[in-house]
Amino acid sequence: MTMVGRTLALLACTGLALIGLSSCGDDGPASSGGPATVRRLTQEQYTAIIADIFGADIKVQGRFDPDVRENGLLAVGTSHVSVTPSSLEQYDGLARSIAAQVVDEHHRDQLVGCKPASVSQPDDNCAAQFLGEVGLQLYRRPMKPEELKSQVAVASDATKTLGNFYAGLETSLAIMLESPRFLFREEIAEPDGAGHLKLDGYSKATRLSFFLWNTSPDDELLKAAEKGDLDSERGLARQVDRMLASPRVEAGVRAFFSDMLGFDQLPGLAKDPEVYPKFTPVVMVDAQEQTLRTLVDHLLVQKGDYRDIFTTRKTFLTRLLGSIYRVPVQSPTGWQPFEFPPGDPHAGIVAEVSFLALHSHPGRSSSTLRGKAVREILLCQQVPTPPANVNFAIVQDTKNTTYRTARERLTAHRTEPTCAGCHKIIDPIGLSLENFDGLGAYRTAENGAPIDPAGELDAAHFEGAAGLGQTLHDDPAATACLVNRVYAYGSGHAPSKGEADWIKYLQGRFAAEGYRLPDLLRTIATSKAFYKVSEPARTEGPNQADATSRASAKEDRS
Amino acid sequence: MRFNRRAALRGLLGGGAVSVALPFLDCFLDANGTALAATGQPLPVRFGTWFWGCGLTPGRWIPQKTGPGYDIPPELKPLAAFRDRLTIFSGFKANTDGKGAVPHYTGNMAILTGSAPKGQGLVDGPTFDTAVADTIGQRSRFRSLEITATGNPRDSNSKRSSAVINAAEPSPLAFYQRLFGPDFKDPNAADFKPDPKVMVRKSALSAIKDQRDALLKEVGAADRVRLDEYFTSIRQLEQQLEIQLQKPAPLEACKVPSAAKDTKVGTEIDDVISNHKLLVDLMAHALACDQTRVFNVVFADAGSSLRKAGSTVTHHQLTHEEPIDEKTGCQPQATFFVERIVDGLQTMLTTMDSVKEGDGTLLDHMMLFAFSECSYAKIHSLETIPMMVAGRAGGKLKAGQHIAGNGDPVTRVGLTLQQAMGVPISNWGAGSMQTSKNIPEVLA
Numbered sequence: 067m068t069m070v071g072r073t074l075a076l077l078a079c080t081g082l083a084l085i086g087l088s089s090c091g092d093d094g095p096a097s098s099g100g101p102a103t104v105r106r107l108t109q110e111q112y113t114a115i116i117a118d119i120f121g122a123d124i125k126v127q128g129r130f131d132p133d134v135r136e137n138g139l140l141a142v143g144t145s146h147v148s149v150t151p152s153s154l155e156q157y158d159g160l161a162r163s164i165a166a167q168v169v170d171e172h173h174r175d176q177l178v179g180c181k182p183a184s185v186s187q188p189d190d191n192c193a194a195q196f197l198g199e200v201g202l203q204l205y206r207r208p209m210k211p212e213e214l215k216s217q218v219a220v221a222s223d224a225t226k227t228l229g230n231f232y233a234g235l236e237t238s239l240a241i242m243l244e245s246p247r248f249l250f251r252e253e254i255a256e257p258d259g260a261g262h263l264k265l266d267g268y269s270k271a272t273r274l275s276f277f278l279w280n281t282s283p284d285d286e287l288l289k290a291a292e293k294g295d296l297d298s299e300r301g302l303a304r305q306v307d308r309m310l311a312s313p314r315v316e317a318g319v320r321a322f323f324s325d326m327l328g329f330d331q332l333p334g335l336a337k338d339p340e341v342y343p344k345f346t347p348v349v350m351v352d353a354q355e356q357t358l359r360t361l362v363d364h365l366l367v368q369k370g371d372y373r374d375i376f377t378t379r380k381t382f383l384t385r386l387l388g389s390i391y392r393v394p395v396q397s398p399t400g401w402q403p404f405e406f407p408p409g410d411p412h413a414g415i416v417a418e419v420s421f422l423a424l425h426s427h428p429g430r431s432s433s434t435l436r437g438k439a440v441r442e443i444l445l446c447q448q449v450p451t452p453p454a455n456v457n458f459a460i461v462q463d464t465k466n467t468t469y470r471t472a473r474e475r476l477t478a479h480r481t482e483p484t485c486a487g488c489h490k491i492i493d494p495i496g497l498s499l500e501n502f503d504g505l506g507a508y509r510t511a512e513n514g515a516p517i518d519p520a521g522e523l524d525a526a527h528f529e530g531a532a533g534l535g536q537t538l539h540d541d542p543a544a545t546a547c548l549v550n551r552v553y554a555y556g557s558g559h560a561p562s563k564g565e566a567d568w569i570k571y572l573q574g575r576f577a578a579e580g581y582r583l584p585d586l587l588r589t590i591a592t593s594k595a596f597y598k599v600s601e602p603a604r605t606e607g608p609n610q611a612d613a614t615s616r617a618s619a620k621e622d623r624s
Numbered sequence: 003m004r005f006n007r008r009a010a011l012r013g014l015l016g017g018g019a020v021s022v023a024l025p026f027l028d029c030f031l032d033a034n035g036t037a038l039a040a041t042g043q044p045l046p047v048r049f050g051t052w053f054w055g056c057g058l059t060p061g062r063w064i065p066q067k068t069g070p071g072y073d074i075p076p077e078l079k080p081l082a083a084f085r086d087r088l089t090i091f092s093g094f095k096a097n098t099d100g101k102g103a104v105p106h107y108t109g110n111m112a113i114l115t116g117s118a119p120k121g122q123g124l125v126d127g128p129t130f131d132t133a134v135a136d137t138i139g140q141r142s143r144f145r146s147l148e149i150t151a152t153g154n155p156r157d158s159n160s161k162r163s164s165a166v167i168n169a170a171e172p173s174p175l176a177f178y179q180r181l182f183g184p185d186f187k188d189p190n191a192a193d194f195k196p197d198p199k200v201m202v203r204k205s206a207l208s209a210i211k212d213q214r215d216a217l218l219k220e221v222g223a224a225d226r227v228r229l230d231e232y233f234t235s236i237r238q239l240e241q242q243l244e245i246q247l248q249k250p251a252p253l254e255a256c257k258v259p260s261a262a263k264d265t266k267v268g269t270e271i272d273d274v275i276s277n278h279k280l281l282v283d284l285m286a287h288a289l290a291c292d293q294t295r296v297f298n299v300v301f302a303d304a305g306s307s308l309r310k311a312g313s314t315v316t317h318h319q320l321t322h323e324e325p326i327d328e329k330t331g332c333q334p335q336a337t338f339f340v341e342r343i344v345d346g347l348q349t350m351l352t353t354m355d356s357v358k359e360g361d362g363t364l365l366d367h368m369m370l371f372a373f374s375e376c377s378y379a380k381i382h383s384l385e386t387i388p389m390m391v392a393g394r395a396g397g398k399l400k401a402g403q404h405i406a407g408n409g410d411p412v413t414r415v416g417l418t419l420q421q422a423m424g425v426p427i428s429n430w431g432a433g434s435m436q437t438s439k440n441i442p443e444v445l446a
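Quick mapping for you: the protein sequence lines, in order, are chains G and X. Read left to right, the first sequence gives residues 67 to 624 (the working numbering). Read left to right, the second sequence gives residues 3 to 446 (the working numbering).
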């Protein structure tokens, strides 16, 4: 397609979207596709799947190995992690505990769809029925006949040894719960009929389901995969529209933003209680929820413009958060919508506690960490790690009477030539947020000196969180970054060169459609490119350039 | 009955007493006093690492004299009692070979993998504790055990690759349950019956093992490596279950500790000290009960996050910012943390030495490698990173010396320790750090 043709198609597409016809046949420029991935389930996914299959009253208690962040996302890291002996031990404990609950006397009648002829004897038919049904849900594709046979044999042998049908079933189920077919989302490629490779139907269903719902495919999606519906444009679109209309898409959007914004680090966040007496782990739980509620409401419920998340004054608060923002919250226990008045220093998600507290030190704010987070997390720009042999003395001496504010200390610091190169592109961003302390509470002075919240981002000069928010709102890098992250999140890999044109097209279309997240999700989920598989000859492994992004945050503590 | 045989022997020699009845211990030992008579098996030799971030203070930890009987420098004072079983390595250097130094990562990874990492989180190969675990850890319930006193499971140096990291257990309660929960088989219990549930679990694992070939065929080369790692873990689990099915050999030193309590974890120094004590005490019990032969302890993370309650700065920040006191040549506030760290190492050694075993203590039957990630944290220096080895490794080490490396690569230490533990290698490391020169002075 020529440039003109593409533009016309884009306009036609936009036009259709505007008049409410959301279906659009244009699939954009050619993409190489990415690898067929093998992704380890995250703790949230594992927990959601168990609740989906066996019900929310089955307890999932245990420790999961930490995920690894790559290219800014844990979702990309899941394509490269494995299962160590100690983590298998954890999976083994979880599997045994879940299997025991499923077959216990409270649950067996409801969850095991058949009854054995005798409770003390093997019953291969009943075992096969149960294990086959559960296997389809756990493995996200039908079990191979030899797999089912072997699981039935496990149940039968264990029943004979233990003298109880349900104990046998429990043994077999536990094994399936620690099988690689369950713990890893293995994608399988097949020829696409046009000389390339694409995901097979069940792999498509799985990629789609985790992308939009962050859990395994439901029965209907698995049936669509079985019938080959997902290989037709219309069949795929029908499933995508059904899934986007489901309330479950909220869980998917929450999972995406939790990953992108690094909220996995909030539970372990430490603040000095003597410096921040209002800090508790519960505050951080609320702070995370505040941001996620704000995003879900704006992007999904209101179908708002993504850029407005940087400027919106609408949010949700609890009484606990109200005490930090110093605003009254009526509801004693629950959440309450709240709108900061025009002109209030609070504007956009970067002025929320989740962002401000996460990108600060335990006992003080950090313009450097905040500036770095804006660049790396919100704009997808890489900031190099600090060099060796650095003297941080001035920046960190908060009691220094000559340099009382962070601005004064950092300005002194930036005169060091080895540091200046990087710090001048990060600190001035963060300095605009200095009106918020290390927990995120508003302040106008530090050590008795007034704070000047002037900031700079590339060519833009602005004041305070509202100014930074407006700058981010207007920065095309912010929306391009979101598109990149959403695609990488869904596909489990950092976009390669062969996908660059397609990503560019996605970015253009995102803009043309008014930066609506549901439209972006739909465009990706209904595209051929999302399910296309590049040729297998590529070496995987943690990506050098980007594996550093989160990990290095820890290093840079200036 | 608890009896300190060491003290008794010292009393015997020093006091010239004529008749001291040695208690029941001897009936466990063979004529050489080194093996359990009941099984004829020698007492196991263990390997451990003990890590802390941000190094020590230059000029305050390196002894003047080399060889045995070295002088104790100021920052090592708390370890003086262990001098004859503590070897200090100074003057060994981590080379980056043009890869650029990643602050608080290059040093520890160079020491453990023999090669400077390509970047944060990107090691070239496995850390050598895993090679030792593959050599001596095959027969114990756990191939290795990792703990951290910092509250963060990510604070682990032990990895088989960049993506396969042995996460550390931060909670004493969870660690207790893992070790001494329902799956623990007391080696000294009078009766033993194999648990039929364990039998069925073990044979059920064949259903997973049967899938291996089919699964590995379905995926590309890189994913095959990852799935193979998974199947290695399955074999390890199978072995754990096999061990639970066998009557364990009685172990004189094995005592089941009382249940642990839930504690607050985190980087506040008081929490770190108390959790470290609880965790290493459990580790000593785990070793005495032969649940593992390889372990890794983190006292402070790389780029030490240790801090005092109510203070706005961490140990790491202090190392960079605090002015040097001209009289003492050190940074007083940062030195507070250095002192707590060395106290922590003292706690570690004391705990291991308090468990009597055979003709000595646990410490005598282990090789504990203590190390940091930089020498002078203020400038992230990679020259003369503090490294020490405690214990006698059951006689495999000539313990208690100061070895000066004179700028040799840190890999000489890693090579020597691996060889002492029986890892079959003759050279180790990459680039300018590749070496076949072990340190003969410390090998017995």
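In this text, a Cβ means the ideal position worked out from N, Cα and C, and glycines have one as well. This one's a predicted model, so the numbers in the text were calculated from it and none came from an experiment.
Name the chain X residues that come within less than 8 Å of residue i, Cβ to Cβ?
i, result
"residue 217(G)", "209"
Please confirm if residue i has its CB atom under 8 Å from at least one CB of chain G.
i, result
"residue 295(X)", "no"
"residue 202(X)", "yes"
"residue 433(X)", "no"
"residue 266(X)", "no"
"residue 427(X)", "no"
"residue 312(X)", "yes"
"residue 280(X)", "no"
"residue 150(X)", "no"
"residue 110(X)", "no"
"residue 315(X)", "yes"
Hey, quick one: how far does the alpha helix (DSSP H) through residue i stretch, first residue to last?
i, result
"residue 148(X)", "Careful: residue 148(X) lies outside any alpha helix (DSSP H), inside the beta strand (DSSP E) at 147–150."
"residue 336(X)", "334–355"
"residue 423(X)", "Neither: residue 423(X) is in no alpha helix (DSSP H) and is coded neither H nor E."
Can you check which of these residues, the options, is closest to residue i by C-alpha distance?
i, options, result
"residue 131(X)", "123(X), 111(X) and 223(X)", "111(X)"
"residue 70(X)", "402(X), 156(X), 432(X) and 409(X)", "402(X)"
"residue 191(X)", "295(X), 251(X), 75(X) and 204(X)", "251(X)"
"residue 130(G)", "110(G), 203(G), 118(G) and 116(G)", "110(G)"
"residue 363(X)", "312(X), 289(X), 315(X) and 441(X)", "289(X)"
"residue 587(G)", "548(G), 188(G) and 567(G)", "548(G)"
Mind listing the chain G neighbours of residue i? Cutoff is C-beta to C-beta under 9 Å, in chain order.
i, result
"residue 212(X)", "212, 213 and 216"
"residue 388(X)", "Under the 9 Å cutoff, chain G gives no residues; its nearest Cβ is about 17 Å from residue 388(X)."
Would you mind telling me which residues of chain X sit closer than 7 Å to residue i, beta carbon to beta carbon, in chain order?
i, result
"residue 254(G)", "220"
Contact defined as beta carbons within less than 8 Å: I believe residue i pairs with residue j. What is the distance between those atoms, to the nearest angstrom?
i, j, result
"residue 350(X)", "residue 373(X)", "Contact doesn't hold; Cβ gap of about 13 Å is too wide."
"residue 61(X)", "residue 407(X)", "In fact, because the Cβ distance is near 17 Å, the residues do not count as touching under 8 Å."
What residues of chain G sit near residue i, judged by a beta carbon separation below 8 Å?
i, result
"residue 231(X)", "148, 149 and 150"
"residue 145(X)", "151"
By the DSSP assignment, the beta strand (DSSP E) with residue i in it spans what residues?
i, result
"residue 48(X)", "48–53"
Between residue i and the ligand COA, is the CB less than 7 Å from at least one heavy atom?
i, result
"residue 101(G)", "The model on display carries no ligand, and the ligand COA is accordingly not part of it."
What residues of chain G sit near residue i, judged by a beta carbon separation below 7 Å?
i, result
"residue 134(X)", "What residue 134(X) touches in chain G: nothing, since even the nearest Cβ is about 15 Å away."
"residue 155(X)", "132"
"residue 235(X)", "149, 150, 151 and 154"
"residue 51(X)", "By Cβ distance, chain G contributes nothing, its closest Cβ being about 16 Å from residue 51(X), past 7 Å."
Would you say residue i lies against chain X (beta-carbon separation less than 8 Å)?
i, result
"residue 302(G)", "no"
"residue 164(G)", "no"
"residue 428(G)", "yes"
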